[in-house]
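Residue numbers (the numbering used here): 287 to 407. Where a beta carbon is used, it is the ideal one built from N, C-alpha and C, also for glycine. Everything numeric in this text was worked out from a predicted model, so none of it was measured. Data first, discussion second: the structure below is written as structure tokens.
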Amino acid sequence: MNHKWTPRKLISFVANIVLKDIAELTRLRFDLETRTAFIQVQLVGESETIEVSVDGFAIIPDEGSYKFIIEQANSNRIWLDNILSRIVKKTWNIPNTPQFAPQIAFIAELLKADSVSLTDV
Numbered sequence: 287m288n289h290k291w292t293p294r295k296l297i298s299f300v301a302n303i304v305l306k307d308i309a310e311l312t313r314l315r316f317d318l319e320t321r322t323a324f325i326q327v328q329l330v331g332e333s334e335t336i337e338v339s340v341d342g343f344a345i346i347p348d349e350g351s352y353k354f355i356i357e358q359a360n361s362n363r364i365w366l367d368n369i370l371s372r373i374v375k376k377t378w379n380i381p382n383t384p385q386f387a388p389q390i391a392f393i394a395e396l397l398k399a400d401s402v403s404l405t406d407v
């Protein structure tokens with residue numbers, strides 16, 4: 287059997303390994319051109335899924351390293367909206383990992399920011 291590992295399948299596969307016994311990533315849609323994403327997660331023991339929509343994300347070069355930013359995000363849970371409100375429009379350092387430098391540079395070029403207002407985290 288030949289499986290083609292698309293980015294969506296790879297992200298879902300890895301996420302479900304990381305989330306094992308906590309949750310399952312049940313739906314993932316993203317569009318690199320419009321910088322939007324929709325994630326649906328089923329928490330173990332819960333009957334309703336959690337949904338998160340992201341509008342605007344980018345990678346920003348910063349003195350030899352990179353930072354990640356989410357411009358807007360919301361969910362179908364008030365408590366999660368409150369968490370998201372604390373992390374949007376803030377930059378998050380991407381660890382400098384020399385063995386992955388070419389891949390990170392490539393992804394950073396794909397996801398480079400047009401213009402965003404930033405706050406360091």
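Rounded C-alpha distance that separates residue i from residue j
{"i": "K376", "j": "K290", "result": "35 Å"}
{"i": "R321", "j": "Q328", "result": "24 Å"}
{"i": "A399", "j": "W365", "result": "28 Å"}
{"i": "A344", "j": "S351", "result": "14 Å"}
{"i": "D367", "j": "I303", "result": "25 Å"}
{"i": "A309", "j": "A323", "result": "18 Å"}
Exposed unless 16 or more other CB atoms sit within 10 angstroms - verdict on residue i
{"i": "V340", "result": "buried"}
{"i": "F386", "result": "exposed"}
{"i": "I373", "result": "exposed"}
{"i": "A391", "result": "exposed"}
Residue range of the beta strand (DSSP E) that includes residue i
{"i": "V327", "result": "T322 to L329"}
{"i": "I308", "result": "Unbroken run through I308: none, as it is neither H nor E."}
{"i": "F343", "result": "I336 to D348"}
{"i": "N362", "result": "No beta strand (DSSP E) holds N362; DSSP gives it neither H nor E."}
Nearest neighbour of residue i, chosen from the options [CA to CA]
{"i": "I393", "options": "I336, L370, F354 and S371", "result": "F354"}
Cβ neighbours of residue i in the same chain (closer than 6 Å, five flanking residues each side left out)
{"i": "I325", "result": "L314 and V338"}
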